[in-house]
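J.: Shown below is the structure under consideration.
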Amino acid sequence: MKTYLTIFLSLFCLWAFAQSNDMVLTGTVTDQNGQPLPGVTVRIKGALYGTSTDGNGRYTLRGYWEKGDVVLFTFIGMKDVAFKYEGQRVQDAAMQEDSRALDEVVVRARPNINEIDLRAKTGVVQTVDVKRLNEKPMMDMSMALQGSVPGLIVTNTGDLGSKPKIRVRGNSSFREGDAANEPLYVLDGKVISSDAFMTLNPMDIAEIKVLKDAAACALYGIKAANGVIEITSQRGNPDGETTVNYSFNMGITTRGRRGVEMMDTDEKLELERLLQNAAAPGYRYSEDYYRRYYANDPRLGEMIAYGKHILDSLRQYNTDWFDELIRISTYHNHNLSLRGGTEGTSYYLSANYARQGGRVPGNDVQRFTAHLTIDRQLDKIGYLSLGAEAGYAETNTPNGSSTSPTELIYVLNPYETKEGTLVSYSSSSADYTYDDLLSQYSERSTDKRGSLSGSLNLEPVEGLQIDAVGGIDVVLNEGQTFTPSTSITERTSGVPEEERGILTKAKNVTTNISSNVRLTYSHTFGEKHDLTLGGNVDFYKTDVDNVSITGYGVGTHNTAAAINSSITGNRKPQTGAYKEKTAQVGIGVVAGYSYRSTYDLFFTYKADASSILPKDKRWNTAWAVGIGWTPTRYEALKDSRVLTSLNLKASYGNTASLAGVSAGSTIGTFSYSTDYYGDQRLLYMLELYNHELKPEQTESVDFSLTAEFFHRLTLDANFYRRETSQALLDVPIPLSNGFTTLKRNIGVLRNDGVEAGVHARLVEREPWRFSLRTSIAYNRNKVVDLYYTDRLYTSGEAVVPDYIVGEPYDIVYGLKSLGINPITGLPVFESSDGTEVEANKTPTRDEIVVLGHGTPPYTGIINLSAAYRAFELDMDFYYVFGGVKAYDYSYVRYADDATRNAIKGQTENMWFKRGDEGKKYYSPFYTSANLASLDYPNTENVGKSNYFKMSMLSLRYRVPQRILEEHCPFVRYASLAFQASNLFMITPYKESDPETGSLAGTLQPVLTINLNLTF
Amino acid sequence: MKRKQYIFGILAGLYCCACTLDIPYENQFSDPDAVATVEAARELLANAYTTMPNPEFDLSVLADDFESTYLISKNTSLSYLYSWQPSAFETLAYTLWQGYYAAIANANMVLERLPGVVCTTAEEEVELGCIESEAKVLKAWCYFDLLRLFAVTPDEGEEMPGIVLKDKLEMAELSRSSVGACIGAIRDLLSESLLLVREPDEVYWLGNLSAEYLLAELELYAGNYRDAAAHAAGVLETKGYDVMTEDNYRNLWSDSESEERIFALYTTQSFYSDLNYDWEKGDYLVVNPDLVESFAPGDLRGEESIYWFRMPGQVIGDTADAANFGKYNRMLWEQEEVRYINKFRVAGVCLLLAEAYCRDNDSRAVDVMNRYLAQRGAPLLDEGVSGEALLRAILDEKHKEFVGEGVRYFDLKRCRKEVLNGWDKAVGRNIANDDYRWTFPIPKEEYLYNNYMEQNEGWTKIEL
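Chains as they are written, first to last, in the working numbering: chain V, 1 to 1015; chain E, 1 to 464.
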């Protein structure tokens, strides 16, 4: 019986084997150098089974498949290779190393719910090159985005760790600041704050999309009036491979641009002599001084000799304070990720630690993040995804609003040293040492972030897609600032010793909860009509909870525990608290139609309601229409070898937005103060309300064109116009109203511009590859109308208008300089009728002229990529031009501040006596307080803020597979690179940084070595 | 199938909780429910009190209350104010115009919300009535101060532009009503509130007596001396001369209670601190030496108004006795906190009554003065004195009573063309009676944004 059974089973197996293995495919897989490649996965696309190559790169694939099926060769670190099965028995493959390495993994679930392909057919959706982003050794995610997409303008605002300004196609509101102009950040379908975005780890990001026009943004409704940045996280590997990747950057940060060259000892002493301030040694020990005050003293000769001796001893020193104060620091970044999965479940897990030291001691940032995503297939109907993140970020800085060690570069004299008392900081009341100056202020800010999200993507019946995402993102921000009692400001504040030393501590918890459900139905009929209909409901809730304390009398202890609570009066301990819970509900519909993939139509409508607004103003709408046309789909053009692709799009949209408006602006809203009147608590009105307040209406029109020639050269062009009418602004109102300002709909502003880009793959002949991408964006803005006036002054003091009808709204206004009067030594300005106006006269409004744009209208990039065999070179350049920025000029010294160092060349360029012609700096014997016109910028003291910088350089060597196999077979993929960011900047701007316009802040060059290993 | 149901269940659950948009703020209350209780209305009114400006110090600097010391050169803005520089007026005009109109806006805010307040008890009804009349008195008081500062006196022309009468909170560009119309409006507001009030339990709430006090002052200002006397006599009837004891007088500048107070603003902010340069060198200004001399020995007013100080001179080792200002300034020197800023007090009523009688040729004037002076320990007036001599005596005694409290400036402006003519020569100021600076300038933050606003004569108006 047993024998029969065995025979039967064997026969059955043979039969089964014959049934299922009736096809066999064999071959050899090699790398680009012809070397056999072991471990390559070979499978039929869409089938469950596969095999892999042996040590000689050979494989045998058995199974059942049909003609027309695709045979897929995959290997980590190599580009996928696919062949169509046409009945061949042998199929060899030569694989190419893939620069995109780990990013090639197929993301099966659609984690970003609003990411509907539909809108891309008519709207402007641009993708950030995440690979390049990761090549930049930069801690700050937002700054790294600079230059990644034309029209996305990122501007640095200060020292390391400060939040940059991010705008998509300029400001859409008269109201400055982030609240009314910041884009919306969406991570895997959930809304996150811009602070949370800053702390993300670029290595965890699979894709970033920038949505610019109305058709692309409309799905997000009114929140998206300023554009959207969509971020998609890395996901697991559904192919069942488990890979571990470790990437590590280590390097140094260098000092960066010097900007203003300061005086050496000889010139400084000479300047001091000319400034005739006896507090400065250059005059106090000069022959001039002795001859003036001791002319008849019999020991005059002796005194002069003594003075000379003192000055000679000072001349021994020539300290370069730029070198002393600005330091070379370190940068390191470690990233470990694990990716894997089985057919049903895949996961991605990563941890990252990065730290960068700033330019001055006490300034540094560090960050730790962890990220986990799990995707699970649910039968055949869809996927369930889960994501969790945790992050910790810390920023320390000694730069406060009133003190900045960086600025000491421009103050300390070359004859001073780190030891002893400082001439530049001595006063009648106290002497200061270098160490005193470095401990004036410290600020520490930490962000602790946790985030959870889940999403479901289902297709219960064919064509009907249901997507849902829900998530929570919590950021705990803690800040502590400390001004010790030993700081100059505290010592000279006049308060008693026991009340000196200021400490503030604040805790702020921001919770964002978002959920979004979308239904999409797509159907193709008649083989040429594609119809998509959809609808969505979303809900966002934000909770901000803040508590802060400010206390005095902490002395030199940087802790809130040292606050002196016995103080009464102005320096009594203060507490602050703020809690704001807001929610927004939106409901939208979307419809798309495509005919033969040649003509596309798109429509979307979204209504949003916000809890901030009173009931009657709560609902606001956003809608958009778009059309697309792809002429290259026509039979006549289909096979053109020259014009390989051409696509034209146009969109129009309208958004009504009350972004940044709170209830108090439209309805009487009251709040309790912490003060009392007698036995009564005080209830006060937050602001004067305006019952007639209407939402800002933003209308945008966009045309775009994409053309591809020879499959090699891609041209992109976008033209846009975005006009905001009923624009809101807090404008001054007659004082007799009891309030100084009122939020009003004041006018119309317009942004229009062009964004153009070229991407050319110039050489693609193995082993050479060379490609070039360049783009330029131009933004022009204009005040089209002001409803109540033709020029608007936002304060009674202002001689300079804030907005003028017909002029751009970011104009720097000032006076026209006519140089220095050689007789008086004072600056002279031109009046409206061409005559000269002396500096001590208060300027009138008609003497004010346009000096230039505050925001540079032109920005652009040049990206180069080259590869030769295992070497790869990437270079990014970023440039801006067309703007002006006022100079600080605080390093020009007058008689009163002769004890501080001055700009090189001042001695030559300053007016000292009657008849000095063609001078640049006015008489040092006047105090600027008497020169009212110097409160305004003028043609002489603004400079072009144009710059051209190398923002990234990466030279990578990929260790060939063959070497890895021989020497460390456990490593599947390895590369070594030199990576640098912000290497140099070319600018006509004479101070340290044309971007921030401050003496303190400039981006430091970072030079690193990167090692990337995949196991 | 089960799994599908499960998934749809999750989906439905997600949206069941999505949710109402009526989310209240922790510390923000919007109309119409924000001020629905008597308690909230009182709290809102309390804020109106705190926004009232306190011009005591600045107006005293402009008047002849003080004389400068060498230290004043160290404070440019104060020396400008002391020497009547136009720029100092512009700064002060902004502060006061803004402050009074902020208080008016607050009072309007209260008045507009009162109809929505729900009362449950009779006690609450009374309290609501008080709130309404207090808001009106406060508003009238602001109008009156503004009128006296920013407009010409009624004898210079009742048809001349007065101030902006703001009846509603909402944003408006309004023109100035005439001086006569303003006086009428103030009188109406005060008279209306007289019908409703109950005397407050605390001195820092306005009441019937404050309204009467203001009416007396208003009628005196408008030249209706009989009405002025009637109102002043009404207040004095309630309070009596006997409350003006030494203790009550000295307690006016302390945080103790004093029956002499009719109304005082409660404050937690520092007050009168601009007079002091530092605790070693002394004050920028001291009491006018003529005034110092005029106090007879034993005059309580002299004792309270002067705080003698050994002031170091400019040369090392050199010192001199300086008649530093007392009252609030003494409290600062002695590190006492100022809680009450006395606004209306019984002595003021006596002096108002005396002046009204005097101007009306009523012989009771001397009697009123002497009853008042006796309480202060000061020499009495001669029974036979009358006419301008009596008027001058009354105003001199008023100056002594209110030194440093800003009262003198209003009297100077009101009487500069008659009885107080020549005051400036005594302090070496040389301010002519018809000098344009007697009316404050309308701040540019008003006229730049209000097309209907007229500037006062002599002041510049910048055109946009």
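For each residue, glycine too, the CB sits at the ideal point set by N, CA and C.
Bear in mind that the values here come from a model prediction, so they are computed numbers and not experimental data.
1) What does ARG42 of chain E reach in chain V if we use C-beta pairs closer than 7 Å?
2) Are the segment 1002-1012 of chain V and the segment 249-258 of chain V touching, with three or more C-beta to C-beta distances below 8 Å?
3) For CYS968 of chain V, does the count of other Cβ atoms within 10 angstroms reach 16, so buried, or fall short, so exposed?
4) Could you check the C-alpha separation between ILE1009 of chain V and ASP888 of chain V for me, to the nearest Å?
5) So which residues of chain V does THR268 of chain E contact, with C-beta pairs closer than 8 Å?
6) My assumption, with CB atoms under 8 Å, is that GLU134 of chain E sits in contact with LEU114 of chain E. Please give the rounded CB distance.
7) So with CB distances below 8 Å, who are the chain V contacts of LEU465 of chain E?
8) In whole angstroms, what is the alpha-carbon distance linking GLY99 of chain E and GLU687 of chain V?
9) Against chain E, with Cβ distances strictly below 7 Å, would PHE877 of chain V count as a contact?
10) Once you ignore the five residues that flank LYS509 of chain V on each side, which residues in its own chain have a CB closer than 6 Å to its CB?
11) Flag this pair as yes or no: are the beta carbons of LYS617 of chain V and GLY221 of chain V separated by less than 7 Å?
12) When DSSP labels each residue in this structure, what does LYS1021 of chain V get in the three-state scheme?
13) Would VAL90 of chain V be called buried (16 or more neighbouring beta carbons within 10 Å of its own) or exposed?
14) In this structure, does DSSP put PHE344 of chain E in helix, strand or coil?
15) Hey, does LEU21 of chain E have any beta-carbon neighbour from chain V nearer than 7 Å?
16) Between the Cα of SER1016 of chain V and those of V:GLY678, V:MET685 and V:GLY753, spot the shortest distance and give me the residue it belongs to.
17) Pull up the distance between the alpha-carbon of ILE306 of chain E and that of VAL287 of chain E, whole angstroms please.
18) Is the beta carbon of ASN413 of chain V closer than 7 Å to that of LYS268 of chain V?
19) Got a sec: which bits of the segment 686-713 of chain V sit with their beta carbon under 9 Å from any beta carbon on chain E, in order along the chain?
20) Show which residues of chain V have a CB atom less than 9 Å away from the CB atom of ASP31 of chain E.
21) Contact criterion: CB-CB distance below 7 Å. Does ASN516 of chain V meet it with respect to chain A?
22) Let me know the secondary structure DSSP gives TYR593 of chain V once reduced to three states.
23) For MET263 of chain V, does the three-state DSSP call read helix, strand or coil?
24) Beta strand (DSSP E) containing LEU412 of chain V: first to last residue?
25) Is the separation between the beta-carbon of SER951 of chain V and that of TYR878 of chain V shorter than 7 Å?
26) Check whether the Cβ atoms of ILE252 of chain V and ILE231 of chain V sit closer than 7 Å, and answer yes or no.
27) What residues in its chain sit with their C-beta under 6 Å from that of ARG110 of chain V, if we drop five residues either side in the sequence?
28) Taking a contact to mean a Cβ-Cβ separation below 7 Å, would you say LEU184 of chain V touches ALA224 of chain V in this structure?
29) Which residues share a DSSP beta bridge with GLU207 of chain V?
30) Quick one: grab the DSSP three-state call for ILE963 of chain V.
31) Name the chain E residues that come within less than 7 Å of LEU683 of chain V, Cβ to Cβ?
32) What does DSSP give as the partner residue(s) for ARG765 of chain V in the beta ladder?
33) If you draw a straight line from the alpha carbon of PRO32 of chain E to that of LYS505 of chain V, how long is it in whole angstroms?
34) For the beta strand (DSSP E) that contains ALA609 of chain V, what are its first and last residues?
35) Mind checking if GLU445 of chain E is an interface residue toward chain V, Cβ cutoff 7 Å exclusive?
36) Taking only three categories from DSSP, how would you classify ASP846 of chain V?
T.: On the basis of the supplied data:
1) GLN680
2) yes
3) exposed
4) 37 Å
5) ASP675 and TYR676
6) So it is not a contact: roughly 11 Å between Cβ atoms.
7) Chain E is shown only over 1 to 464; residue 465 of chain E falls outside these bounds and no answer can be derived.
8) 15 Å
9) no
10) The sequence shown places Val at residue 509 of chain V, not Lys. Result list for VAL509 of chain V: LEU476 and ASP545, in chain order.
11) no
12) Any answer about residue 1021 of chain V is impossible in this case: the structure gives chain V only from 1 up to 1015.
13) exposed
14) strand
15) yes
16) The shown model of chain V, from 1 to 1015, leaves out residue 1016 of chain V, and the question about it has no answer.
17) 7 Å
18) yes
19) LEU686, LEU688, TYR689, ASN690 and HIS691
20) PRO614, ILE667, GLY668, THR669, PHE670 and TYR689
21) Annotation note: the requested chain A is absent from the structure, which comprises protein chains V and E.
22) strand
23) coil
24) Here LEU412 of chain V belongs to no beta strand (DSSP E), and DSSP marks it neither H nor E.
25) yes
26) no
27) Note that ARG110 of chain V scores 42 on pLDDT, short of 50, meaning its location in the model is unreliable; the coordinates nonetheless yield the value given after this. These residues qualify, in order along the chain: ASN457.
28) yes
29) V:THR232
30) helix
31) ALA40, GLU43, LEU44 and ASN47
32) V:TRP768
33) 36 Å
34) 599-610
35) yes
36) helix
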